[in-house]
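All residue numbers for the sequence shown refer to my numbering, where the first residue is 28 and numbers rise by one.
Contents: one structure, followed by commentary.
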Amino acid sequence: MLFDPFQRRINYLRISVTDRCNLRCRYCMPEEGIPTIPHEKILTYEEILRVVRIFVAEGISKIRLTGGEPLIRKGIVEFVANLSKIDGIKDLSLTTNGILLKDFARDLKRAGLNRVNISLDTLQKDRFYRITRRNGFERVWEGIQEAIHAHLSPIKINMVAIRGMNDDEIESFAQLTFRLPLTVRYIEYMPSGNGEEWKEGSILTVKEIKGRLERMAPLIPIASNSLDGPARRFHFEGALGEIGLIGPVSDHFCGNCNRLRLTPDGKIRTCLFSDEEIDVREYLRNGAGDEELRERLLEALKRKPEKHQINTRQFKKCQRNMSAIGG
Ligand code: SAM
Ligand code: SF4
């Protein structure tokens, strides 16, 4: 088992397989995109598999693939198939914007993916274009249906709630849980990325969202399990799906943090909001043995901060965009 200096058990690795994306969400990226990492610096699938095998042998048991948009990287299904063969991975999941999910859902399931999180911030077609600067609402919606049919469950819909952007849709997202087996998760807007300027006043706090949901119907708490991460879970009486509330800004959940991140260019990141990075790519490419790579992992663990600094004077927006970390 892996523990950091604050006695947190670390068993979760989020892997960003690409920094490229087929959308341009306003809160994440500028219109023109961000400078991309050159191809030769991106870890090959074989390199990622090697890192994962070593990490899993040490105690990582949950893996999430993310990006950028993971489904635009060529060969992703075969990569999932190879990952799923690694003994010791108990939960293999993927976060996607859903644009290509309709084409991939069944193949991903067959390849061994357990579940998907789909990011969707609006249920309105025109607004989807305004937020993402691309068309595609119908495609994402079809992708969600396909994921349900493929049993990539529990299927979680991640909605970043931003005042003035989609705050009038809190209730319509919650309504979905009455008729579909989806977990709708509301996520506070975070100060990261190269998106439009972040203002504290734009955040809808989980407290505010919860208050709005409670005016719809009583929210019944659900005990958390090991797959929940930082979400607080609820459901409405008679609903097929669930509600999750994630408050990275207002609700300090760092005490339960169980994760590390691997960037597309082979850096281990110890926290979403810190620029501390431990390189593995050069080690992989310079013939390092498994023991040396294992030491990189232990080094990352040692350097994991106790908590993030948002809301404090020390906080600096991190240098890397969310799409190159894997939010
Ligand atoms: N492209 C994929 C997607 O959108 O699901 C995966 C990568 S994306 C960076 C992962 C998640 O980060 C998405 O759910 C997105 O909404 C979220 N995200 C990006 N920027 C954010 C911000 N400033 N605050 C909160 N969430 C953010
Ligand atoms: Fe792309 Fe995801 Fe960022 Fe939107 S949030 S621009 S889909 S990486």
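Glycine residues also receive a C-beta, built at the ideal position from the N, C-alpha and C atoms.
Quiz item: Secondary structure at Ser43, three-state DSSP: helix, strand or coil?
Solution: Strand at Ser43.
Quiz item: Roughly how many angstroms separate the alpha carbons of Ala84 and Glu74, rounded to a whole number?
Solution: Each residue's alpha carbon lies about 16 Å from the other.
Exercise. Give the DSSP-derived three-state secondary structure of Tyr216 in the structure shown.
Key: In this structure, Tyr216 counts as coil in the three-state DSSP scheme.
Quiz item: Since Leu76 contacts Leu110 with CB under 8 Å, what's their CB separation in whole angstroms?
Solution: With a Cβ gap of about 7 Å, Leu76 and Leu110 count as contacting.
Quiz item: How long is the line joining the alpha carbons of His176 and Ala315, rounded to whole angstroms?
Solution: Using only the alpha carbons, I get a separation of about 43 Å.
Quiz item: Excluding the five sequence neighbours on either side, which residues of its own chain have a C-beta within less than 7 Å of the C-beta of Ala258, listed in chain order?
Solution: Result list for Ala258: Arg212, Gly271, Leu272, Ile273, in chain order.
Quiz item: Is Asp148 closer than 9 Å to Asn193 when the C-beta atoms are compared?
Solution: Cβ atoms of Asn193 and Asp148: closer than 9 Å.
Quiz item: Contact between the segment 179-197 and the segment 235-243: three or more CB pairs below 8 Å?
Solution: Because the criterion of three Cβ pairs below 8 Å is met, the segment 179-197 and the segment 235-243 touch.
Quiz item: Whose CA, out of Lys183, Glu58, Met217, Val79, lies closest to the CA of Met203?
Solution: The sequence given here places Leu at residue 203; Met does not occur at that position. Taking only the C-alpha atoms, the option nearest Leu203 is Lys183.
Quiz item: Hey, would you say the C-beta of Tyr213 is under 8 Å away from at least one heavy atom of the ligand SAM?
Solution: No, Cβ of Tyr213 sits at least 8 Å from all heavy atoms of the ligand SAM.
Quiz item: So, helix, strand or coil for Val276, using DSSP?
Solution: Reduced to three states, the DSSP call for Val276 is coil.
Exercise. Taking all protein chains shown into account, decide if Asn162 is buried (16 or more other Cβ within 10 angstroms of its Cβ) or exposed.
Key: With fewer than 16 other Cβ atoms from the protein chains shown falling within 10 Å of its own Cβ, Asn162 counts as exposed.
Quiz item: Can you find a heavy atom of the ligand SF4 that lies under 8 Å from the Cβ of Thr159?
Solution: Taken from the Cβ of Thr159, at least one heavy atom of the ligand SF4 lies inside 8 Å.
Quiz item: For the putative contact between Ile145 and Val167, defined by C-beta atoms under 8 Å, what is the C-beta separation to the nearest angstrom?
Solution: In this structure Ile145 touches Val167 by the C-beta definition: roughly 7 Å separates them, less than 8 Å.
Self-check item: Separation of Ser180 from Tyr216, as counted between CA atoms
Solution: Spanning the two alpha carbons is a distance of roughly 25 Å.
Quiz item: Comparing alpha-carbon positions, which option in Arg47, Lys68, Arg36 lies nearest Arg308?
Solution: Considering only Arg47, Lys68, Arg36, the residue with the shortest C-alpha distance to Arg308 is Lys68.
Self-check item: Continuous beta strand (DSSP E) assignments of at least 3 residues falling wholly in the segment 163-240
Solution: DSSP runs (the beta strand (DSSP E)) wholly in the segment 163-240: 182-188, 209-215.
Quiz item: Which residues in the same chain have their Cβ closer than 6 Å to the Cβ of Leu50, if we skip the five residues on either side of it in sequence?
Solution: Residues Asn124, Thr159, Arg161 of the same chain have their beta carbon placed closer than 6 Å to that of Leu50, with the five preceding and five following residues left out of the count.
Practice problem: Please go through the same chain and pick out, in chain order, the residues whose beta-carbon is closer than 7 Å to the beta-carbon of Ser251, but skip the five residues on each side of it. | Solution: Cβ neighbours of Ser251 beyond the five flanking positions: Arg260.
Quiz item: So, using beta-carbon positions, are Arg137 and Gly86 closer together than 9 Å?
Solution: One thing to note: Arg137 has its Cβ no nearer than 9 Å to the Cβ of Gly86.
Exercise. Report yes if the C-beta of Leu94 is less than 8 Å from at least one heavy atom of the ligand SF4; otherwise report no.
Key: Note that residue 94 is Gly in the sequence shown here, rather than Leu. Checking every heavy atom of the ligand SF4 against the Cβ of Gly94, one is found closer than 8 Å.
Quiz item: Roughly how many angstroms separate the alpha carbons of Arg53 and Leu231, rounded to a whole number?
Solution: The C-alpha of Arg53 lies about 17 Å from the C-alpha of Leu231.
Quiz item: Which term fits Glu59, buried or exposed, when burial requires 16 or more other beta carbons within 10 angstroms of its beta carbon?
Solution: Glu59 should be labelled exposed.
Quiz item: Exposed or buried, which one is Pro248 when buried takes at least 16 other CB atoms within 10 Å?
Solution: Exposed, since its Cβ has fewer than 16 Cβ neighbours within 10 Å.
Quiz item: Can you tell me where the alpha helix (DSSP H) with Arg35 in it begins and where it stops?
Solution: Counting along the chain, Arg35 falls outside any alpha helix (DSSP H), and DSSP gives it neither H nor E.
Practice problem: Look at the alpha carbon of Lys226 and the alpha carbon of Ser277, and state the distance between them as a whole number of angstroms. | Solution: Each residue's alpha carbon lies about 14 Å from the other.
Quiz item: If Leu92 sits next to Leu121, beta carbons under 8 Å apart, how far is it from one beta carbon to the other, in whole angstroms?
Solution: The Cβ separation is near 4 Å, so the contact holds.
Exercise. Kindly identify the DSSP beta-bridge partner or partners of His262.
Key: The beta-bridge partner set that DSSP reports for His262 consists of Ile247.
Quiz item: According to the Cβ coordinates, are Lys89 and Leu40 closer than 9 Å?
Solution: Between Lys89 and Leu40, the CB-CB gap stays under 9 Å.
Quiz item: Expressed to the nearest angstrom, what Euclidean distance is found between the alpha-carbon atoms of Thr210 and Ile42?
Solution: Straight-line Cα distance between these residues: approximately 22 Å.
Exercise. Whole angstroms is fine: what's the gap from Asn313's alpha carbon to Arg80's?
Key: The alpha-carbon of Asn313 is positioned some 18 Å away from that of Arg80.
Quiz item: For the alpha helix (DSSP H) that Asn109 lies in, which residues bound it at each end?
Solution: Looking at the DSSP string, the run of the alpha helix (DSSP H) that includes Asn109 is 103-111.
Quiz item: With which residues is Gly271 paired in a DSSP beta bridge?
Solution: According to DSSP, which records beta bridges pairwise, Gly271 is partnered with Arg212, Arg260.
Exercise. Keeping to the same chain, check which residues put their C-beta closer than 6 Å to that of Arg133; ignore five residues upstream and five downstream.
Key: In chain order, Ala177 place their CB closer than 6 Å to the CB of Arg133, counting only its own chain and leaving out the 5 sequence neighbours on each side.
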